[in-house]
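Novice: Just passing along the structure, written as structure tokens.
2 protein chains.
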Amino acid sequence: MANIKDIADLAEVSVATVSNVLNNRGRVGEETRQKILKIIEEIDYKPNRVAKSLKMNKTHTIGVIVEDLSVFNAPEIIDGINEFAEENDYSILLTNLRLYKKYGNQFPDVDTCREMVMPLFHQLLSNQVEGIIYIGIHLRNVNGLLPDSSTPVVYTYCDTSDESDISINYDDYKASFDATSYLINKGYQEVALISGLINSESAHARFNGYCNALMSNGLQFNPNYVKTGDWEYESGYKMAMDLLKGEQRPSAILAMNDLMAGGVIKAASELNIHVPDELAIFGFDNREVSSYYTPKLSTVSLPLHDMGEISIKTLIDVIDGKTIKTKKRKLLCELIERDSS
Amino acid sequence: MANIKDIADLAEVSVATVSNVLNNRGRVGEETRQKILKIIEEIDYKPNRVAKSLKMNKTHTIGVIVEDLSVFNAPEIIDGINEFAEENDYSILLTNLRLYKKYGNQFPDVDTCREMVMPLFHQLLSNQVEGIIYIGIHLRNVNGLLPDSSTPVVYTYCDTSDESDISINYDDYKASFDATSYLINKGYQEVALISGLINSESAHARFNGYCNALMSNGLQFNPNYVKTGDWEYESGYKMAMDLLKGEQRPSAILAMNDLMAGGVIKAASELNIHVPDELAIFGFDNREVSSYYTPKLSTVSLPLHDMGEISIKTLIDVIDGKTIKTKKRKLLCELIERDSS
DNA sequence: CTGAAAGCGCTTACAG
DNA sequence: CTGAAAGCGCTTACAG
């Protein structure tokens with residue numbers, strides 16, 4: 001590969017001058033500039049970023065640690081990161097913990113996670129990334145996972161209990177509140193809820209949103225209308241069977257994710273309950289599968305792309321020394337109305 | 001950040017010696033080594049890879065260009081790349097063309113694509129990646145997309161017509177042959193096929209596999225049993241309606257992807273045709289959605305993870321100067337038997 | 001307007 | 001066994 005010295009020799013100028021025209025700085029005579037530009041064009045010269053990074057002590061590179069790239073939320077978030085990075089000429093160094101692949105839903109504790117993260121974290125620091133985005137696959141507290149370091153970190157799809165850490169998430173409470181309100185306003189007064197595992201922060205927030213929406217609409221909370229599943233399709237099916245065969249059959253079921261909502265659809269179908277005439281079903285997450293159920297599932301769309309975009313935008317602000325007013329941001333979700341409600 | 005000079009000063013040795021113990025080379029007295037190691041440990045020193053890369057003219061970094069990260073095949077392939085990269089201490093620079101997001105299924109021609117790829121390609125070269133993996137989202141000929149350069153490239157989930165280019169793909173023909181044979185051996189003699197758009201190489205290969213499987217099993221090819229859809233759910237539904245309402249109702253339908261197979265399931269359900277007793281349905285791709293249909297869809301699993309792993313493995317072999325015997329590799333798919341067959 | 005020189009943090013023959 | 005010095009490809013005050 002040609003280097004700046006080669007260009008200088010060909011143009012019969014110094015490397016300083018070549019550097020100046022490459023970076024549009026300093027005064028360079030128009031004739032000299034054109035001559036250099038022509039040569040650069042001719043031999044298709046590409047400046048060596050590694051050398052530049054070393055000299056400038058700036059790599060224009062962001063490290064991404066994703067807990068599992070194969071989980072549905074990760075690609076969209078990274079897509080958002082990529083888009084912004086490309087527009088602003090940042091590069092992305094991607095590392096993947098493969099947590100779900102290794103452990104499934106049985107998350108290891110923070111200490112085990114930390115041991116797995118360590119080598120990736122060090123690799124990124126060695127590569128002199130200017131900041132790190134940590135993408136969780138489950139909303140939870142990952143406090144203490146990453147060691148202290150002067151490299152700024154933004155957490156997304158997870159958070160830490162440290163007030164000074166920056167995180168970008170979505171508003172679970174409001175999404176659940178809105179979905180429940182939507183169902184009520186559509187005329188479904190008996191709204192049941194199929195929750196995910198209750199050790200999850202999401203499940204808490206969504207439960208609260210559900211309850212408050214009932215209250216705001218003057219409806220009574222009915223404990224018989226709340227069932228707890230384990231986020232999987234089968235549990236949605238079972239819980240729906242319980243609900244739909246019970247005495248007070250609900251007219252709508254809000255499931256805390258699209259998988260369990262799929263189980264609800266199956267249960268309704270087997271019981272010959274017409275959706276949405278006799279039963280409205282609402283999911284959560286807007287996973288790809290939700291639009292392939294029959295009927296197509298109404299659901300809550302997560303702002304994944306925006307989470308990625310705002311994560312990197314915020315991170316670059318920190319790198320640039322700006323002060324971040326809101327350390328914990330929660331973006332809004334969107335209701336997607338399809339055929340099940 | 002501390003540098004090698006700081007370590008040298010603290011240990012009262014030269015930077016050369018520190019470098020030697022860091023890299024386990026040269027003779028260093030045991031005492032000196034321990035002393036240096038201790039200091040490195042204490043101040044948690046991390047060598048600056050950027051400086052090392054510049055000096056060594058080796059970055060240990062691979063560039064990945066993915067046509068669209070959000071399309072179902074990409075994350076698994078990258079997962080395979082990541083796993084191997086981590087084990088072998090390579091870093092991954094990820095860039096994303098976002099082709100599907102921008103154009104959907106209406107792929108732009110190679111010239112348009114090239115213009116989009118150019119900046120990403122140059123960014124990677126500037127960063128001195130040692131090789132590039134190009135991940136397509138559709139099996140097709142991408143000849144001429146990437147400019148000539150001395151940086152080695154491996155194509156996966158796509159190919160070029162240039163015999164000297166390296167590509168890693170899967171064996172569409174054999175997968176289709178096997179799926180068809182499987183259905184026949186299960187006792188389904190009248191196997192229909194719902195094809196994707198015929199301008200696709202995959203569709204051709206899968207069609208040939210289907211035909212040859214019929215022949216090998218002594219069955220006659222029946223043109224009425226072949227319908228052409230557009231890869232989408234709705235087209236699967238329509239084609240299935242045609243087939244199932246026709247005079248000679250098939251006893252099995254092989255759809256060229258899981259989306260169209262979903263449409264087949266819906267059609268069968270509406271016509272009250274029992275799956276799999278009266279009709280077997282087989283899909284292709286093993287997308288997440290396939291295991292959430294009712295009944296769960298039997299399908300062909302693509303070796304995505306392996307494609308990623310073998311892509312980077314092959315690429316690193318090229319970088320290391322080894323000669324690659326097979327330039328065009330096709331990995332085997334696996335049949336996933338679920339409830340629809 | 002242009003260039004000589006120092007320096008970013010490493011590695012590596014080479015000398016002692 | 002250890003160190004001085006050159007050099008990887010850039011940028012940037014500074015001098016002229």
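Line by line, the protein sequences give chains A and B. For the first sequence, full-length UniProt numbering assigns the number 1 to the initial residue and increments by one for each residue that follows. For the second sequence, full-length UniProt numbering assigns the number 1 to the initial residue and increments by one for each residue that follows. Don't be surprised by glycine CBs; every beta carbon is placed ideally from N, CA and C.
Using a cut-off of 7 Å between C-beta atoms, extract the partners of B/Ile-78 located in chain A.
Specialist: Chain A residues near B/Ile-78: Leu-69.
Novice: For A/Gly-131, which residues does DSSP report across the bridge?
Specialist: For A/Gly-131, which the question treats as bridged, DSSP gives the partners A/Ile-62.
Novice: Counting only Cβ-Cβ distances shorter than 9 Å, please list the residues of the stretch 28–49 of chain A near chain B, keeping chain order.
Specialist: Per Cβ criterion, the list reads Asp-44, Lys-46, Pro-47, Asn-48 and Arg-49.
Novice: Between the stretch 230–264 of chain A and chain B, which residues of the former have CB atoms less than 8 Å from a CB of the latter, in chain order?
Specialist: Going along the stretch 230–264 of chain A in chain order, one finds Tyr-233, Leu-259 and Gly-262 with a Cβ nearer than 8 Å to chain B.
Novice: Taking A/Ile-168 as the reference, give the member of A/Lys-55, A/Phe-282 and A/Ser-311 with the closest Cα.
Specialist: The option with the nearest alpha carbon to A/Ile-168 is A/Ser-311.
Novice: By the criterion of Cβ-Cβ separation under 7 Å, what are the contact partners of A/Thr-299 in chain B?
Specialist: Chain B residues near A/Thr-299: none, gap ~13 Å exceeds 7 Å.
Novice: Using the three-state DSSP reduction, which class does A/Ile-265 fall into: helix, strand or coil?
Specialist: Three-state result, A/Ile-265: helix.
Novice: The alpha helix (DSSP H) with B/Val-117 in it runs from where to where?
Specialist: Start and end: 110–126.
Novice: Using a Cβ cut-off of 8 Å (strictly closer), state whether B/His-274 contacts chain A.
Specialist: Not one chain A Cβ lies under 8 Å of B/His-274.
Novice: Rounded C-beta distance between B/Ala-213 and B/Asp-172? I'm assuming under 8 Å.
Specialist: Not really, about 13 Å apart at Cβ, beyond 8 Å.
Novice: Mapping the DSSP letters down to three states, classify B/Tyr-157 as helix, strand or coil.
Specialist: Correct three-state label for B/Tyr-157: coil.
Novice: Could you have a look at A/Ser-176 and say whether DSSP puts it in helix, strand or coil?
Specialist: In this structure, A/Ser-176 counts as helix in the three-state DSSP scheme.
Novice: When you compare the CB of A/Ser-53 with every CB in chain B, is at least one pair closer than 8 Å?
Specialist: Answer yes: the Cβ-Cβ gap between A/Ser-53 and chain B drops below 8 Å somewhere.
Novice: Assuming B/Gly-209 and B/Lys-174 are in contact, meaning their beta carbons sit under 8 Å apart, how far apart are those beta carbons, in whole angstroms?
Specialist: B/Gly-209 to B/Lys-174, Cβ: 6 Å. Contact.
Novice: For a cutoff of 8 Å on Cβ pairs, would you count B/Ala-2 as touching chain A?
Specialist: No - not a single Cβ of chain A is within 8 Å of the one on B/Ala-2.
Novice: Output the boundary residues of the beta strand (DSSP E) element that contains A/Phe-282.
Specialist: Element bounds for A/Phe-282: 280–282.
Novice: Who are the neighbours of A/Thr-59 on chain B, taking C-beta pairs under 7 Å?
Specialist: Correct list: Val-50.
Novice: Please classify B/Ser-91: does DSSP put it in a helix, a strand, or coil?
Specialist: Strand at B/Ser-91.
Novice: What is the rounded straight-line gap between the Cα of B/Ile-65 and the Cα of B/Asn-88?
Specialist: Approximately 20 Å, taken between the alpha carbons.
Novice: At least one CB of chain B closer than 8 Å to the CB of A/Ile-92: is that the case?
Specialist: Interface residue, yes.
Novice: Would you check if the stretch 278–293 of chain A and the stretch 130–138 of chain A touch, i.e. whether three or more CB-CB distances between them fall below 8 Å?
Specialist: Cβ pair count under 8 Å is below three, so no.
Novice: Along the chain, where does the alpha helix (DSSP H) containing B/Tyr-45 start, and where does it finish?
Specialist: Unbroken run through B/Tyr-45: none, as it is neither H nor E.
Novice: Is any beta-carbon of chain B found at less than 8 Å from that of A/Glu-130?
Specialist: Closer than 8 Å: no.
Novice: Around the Cβ of B/Gln-123, are there at least 16 other Cβ atoms within 10 angstroms (buried) or fewer (exposed)?
Specialist: Result: buried.
Novice: For A/Asp-285, which beta-bridge partners are listed by DSSP?
Specialist: BP columns for A/Asp-285 point to A/Ser-301.
Novice: Listed from N- to C-terminal order along the chain, which residues in the stretch 105–126 of chain B have their beta-carbon within a distance smaller than 9 Å of any beta-carbon of chain A?
Specialist: Residues Pro-119, Leu-120, His-122, Gln-123, Leu-124, Leu-125 and Ser-126.
Novice: For B/Ser-149, which residues from the same chain have a beta carbon less than 6 Å from its beta carbon, with the 5 sequence-adjacent residues on both sides left out?
Specialist: Cβ neighbours of B/Ser-149 beyond the five flanking positions: none.
Novice: Curious, which full-length alpha helix (DSSP H) runs of at least 4 residues does the stretch 175–255 of chain B contain?
Specialist: Whole alpha helix (DSSP H) segments, 4+ residues: 201–216 and 233–245.
Novice: To the nearest angstrom, report how far apart A/Glu-190 and A/Pro-276 are at their CA atoms.
Specialist: If I take the Cα positions, the gap works out to 14 Å.
Novice: Any beta carbon of chain B sitting closer than 8 Å to that of A/Ala-267?
Specialist: Closer than 8 Å: no.
Novice: Look at the Cβ atom of A/Gln-248, then the Cβ atom of A/Asn-224, and state whether they are nearer than 8 Å.
Specialist: The answer is yes: Cβ separation under 8 Å.
Novice: Please name the residue, chosen from B/Thr-294, B/Leu-279 and B/Lys-328, that lies closest to B/Thr-156 on a Cα-to-Cα basis.
Specialist: When each option's Cα is compared against that of B/Thr-156, the closest is B/Lys-328.
Novice: Does the pairing of the stretch 3–17 of chain B with the stretch 315–328 of chain A give three or more beta-carbon distances under 8 Å?
Specialist: Result no; under three Cβ-Cβ pairs closer than 8 Å.
Novice: Near B/Ile-92, what residues of its chain come up, given a Cβ to Cβ distance below 7 Å and the 5 sequence neighbours on each side ignored?
Specialist: Hits under 7 Å: Ile-62, Val-64, Ile-81, Asn-82 and Ala-85.
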